[in-house]
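Asks:
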Amino acid sequence: MALSNEQYDALMREYNHKQARNNQIVSYRTKELYSAIPALSQLDEEVSKVSISSITAIFNGKDISSASADSKAKLEGLKARRMELIKSAGFPVDYLEPPYDCPDCKDTGYINGKRCHCFKQAAINIVYKQSNISNILSKENFNAFDLNVYDEDFFEEGSDVSARSNAKIALERATNFVQNFKKKGGNLLLLGRTGCGKTFLSNCVAKALLDQGVSVIYFTSSELFRVFEEQTFKKNTDVADLHDHIFDCDLLIIDDLGTEFQNSFTTARLFQCLNERLLRNKSTIISTNLSLEEMRDTYSERITSRVFSNYDVIKLIGNDIRIKKVISK
Ligand SMILES: [Zn+2]
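In numbering that gives the first Met the number 0, the protein residues as written are 0 to 328.
1) Taking a contact to mean a Cβ-Cβ separation below 8 Å, would you say Ile-253 touches Leu-223 in this structure?
2) Taking 6 Å as the limit between beta carbons, can you name the residues of its chain near Gln-368, skipping five residues before and five after?
3) Bridge partners for Arg-114 per DSSP, in chain order?
4) State whether the segment 196-215 contacts the segment 162-181, with contact taken as three or more CB pairs (one from each stretch) at a distance under 8 Å.
5) Going straight from the alpha carbon of Gly-108 to that of Leu-95, what length do you get?
6) Can you tell me whether Asp-210 sits near ligand 1, meaning its C-beta is under 7 Å from at least one heavy atom of the ligand?
7) What does the alpha-carbon distance come out to for the pair Arg-279 and Arg-114?
8) How many angstroms separate the CA atom of Glu-75 from the CA atom of Val-46?
9) Can you determine whether any heavy atom of ligand 1 sits closer than 7 Å to the C-beta of Gly-112, and answer yes or no?
10) What are the partner residues of Thr-219, as DSSP defines its beta bridges?
11) Tell me whether Asp-249 counts as near ligand 3, meaning its Cβ is closer than 7 Å to at least one heavy atom of that ligand.
12) Can you list the residues near ligand 1, meaning Cβ strictly closer than 5 Å to any non-hydrogen atom, in the order they appear in the chain?
13) Spatial neighbours of Ile-24 within its chain, please: CB distance less than 8 Å, with the 5 preceding and 5 following residues excluded, ordered by chain position.
14) In angstroms with no decimal places, state the Cα-to-Cα distance between Gln-18 and Phe-118.
15) Tell me, please, which residues DSSP counts as bridged to Thr-287.
16) Looking at Leu-188 and Ile-285, is the spacing between their C-beta atoms short of 8 Å?
17) Check for me: the beta strand (DSSP E) holding Asp-8 runs from which residue to which?
18) Roughly how many angstroms separate the alpha carbons of Glu-83 and Asp-93, rounded to a whole number?
19) In this structure, does DSSP put Met-0 in helix, strand or coil?
20) Counting along the chain, where does the alpha helix (DSSP H) carrying Lys-183 start and finish?
21) Taking the alpha carbon of Arg-12 as the point to measure from, which residue in Glu-292, Ala-121, Lys-86 has its own alpha carbon closest?
22) Helix, strand or coil, according to DSSP, for Ser-282 in the structure here?
23) Report the CB separation of Val-126 from Leu-2 in whole angstroms; it is logged as a contact under 8 Å.
24) With C-beta atoms as the reference, is Asp-106 less than 8 Å away from Asn-22?
25) Going by DSSP, what residue range makes up the beta strand (DSSP E) through Val-312?
Next comes the structure, spelled out in structure tokens:
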């Protein structure tokens, strides 16, 4: 993990912050409920009395199983009554549940001593300076995907599939990719001219998978190639650690492949990266303006055949200016 001590401390402070916020909300809401439902505080007192008396009974050597069965039944009765009171006063039944950002680790960052997926993603966001990713993804997600920006009367030469029908198919395939991700994994190659919505579509996938707790790293291809170069020339251990994430995160997105500055060295690194991820069964999404033929000309035959044989190809077409305008709003 390439987090410095300072970064780790800052991240843990954020988790402490969230926990303090949750506690505050729960205590505020408890007061609110007590004043709205006077019977509730009495009920809570009874609940704690029953709990204490069952513990005392066990300490005093009473038969543990009968004592606990007895108090368990009482507690369940009291809790059901409590739920009814809250509901009939018009509050949601989970009103006193802390509003966790991550219910899996209850905003502690850890589950059974191991780092939670939310911690791993937060670390990735820090290391790769992806702090604005959640901002972008709050706007660019499947709910915001609008098929109407694709023209019904736009056709590519020699094809009778309209831009809109084509986008509908692309959307379905991207949705399937997300739905089957945890079972099947897989890789996507998104093709299409600039402004056809490739980045938007890969952001939709990223958002849906992040919500499932999948770790995602997003790079434009120039950024990725810069990391490759840094790693070799600086011999920096942090950068070496960074590389581990690039091989190891559940989903790597390489946006706009073909726009980077290329040389034989970075091309070899790209092959190594794509190959390593395939070997580790980790998924990659590549988007590019290049056609398949141009990809063949730009990269080695090794890369292109590796990509073509292991990636599902989704192509987006359309009148780019109109689409660009709508999706970059
Ligand atoms: Zn978590």
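Where a beta carbon is used, it is the ideal one built from N, C-alpha and C, also for glycine.
Replies: Walking through what the data contain:
1) Between Ile-253 and Leu-223, the C-beta gap is smaller than 8 Å, which places the two residues in contact.
2) One cannot answer for residue 368 here, as it falls past the ends of the chain, which runs 0 to 328.
3) In DSSP, Arg-114 forms a bridge with Tyr-109.
4) Touching, yes.
5) One alpha carbon belongs to Gly-108, the other to Leu-95, and they sit about 21 Å apart.
6) In this structure, Asp-210 has its CB at a distance of at least 7 Å from all heavy atoms of ligand 1.
7) Arg-279 and Arg-114 have their C-alpha atoms some 21 Å from each other.
8) Using only the alpha carbons, I get a separation of about 9 Å.
9) Every heavy atom of ligand 1 is 7 Å or more from the Cβ of Gly-112, so no.
10) The bridge partners DSSP lists for Thr-219 are Asp-254.
11) Ligands displayed in this structure: ligand 1; ligand 3 is not among them.
12) This selection yields Cys-101, Asp-103, Cys-104, Cys-115, Cys-117.
13) Close CB contacts of Ile-24 within its chain, under the 8 Å cut and outside five residues either way in sequence, are with Pro-97, Pro-98 (chain order).
14) Straight-line Cα distance between these residues: approximately 14 Å.
15) Thr-287 is bridged to Leu-190, Leu-256.
16) Against a cut-off of 8 Å, the Cβ pair of Leu-188 and Ile-285 comes out as a contact.
17) No beta strand (DSSP E) holds Asp-8; the alpha helix (DSSP H) holding it covers 4-35.
18) Here the alpha carbon of Glu-83 sits roughly 12 Å from the alpha carbon of Asp-93.
19) Only weak support is given to the placement of Met-0: the predicted model assigns it a pLDDT of 44, under 50, and the question is left unresolved by the model.
20) Run containing Lys-183: 180-183, per the alpha helix (DSSP H) assignment.
21) For Arg-12, the closest of Glu-292, Ala-121, Lys-86 by C-alpha to C-alpha distance is Ala-121.
22) Reduced to three states, the DSSP call for Ser-282 is strand.
23) About 7 Å separates the beta carbon of Val-126 from that of Leu-2, a gap short enough to meet the 8 Å contact definition.
24) If you check the CB distance, Asp-106 and Asn-22 do not come in under 8 Å.
25) Where Val-312 is concerned, the enclosing beta strand (DSSP E) stretches over 311-314.
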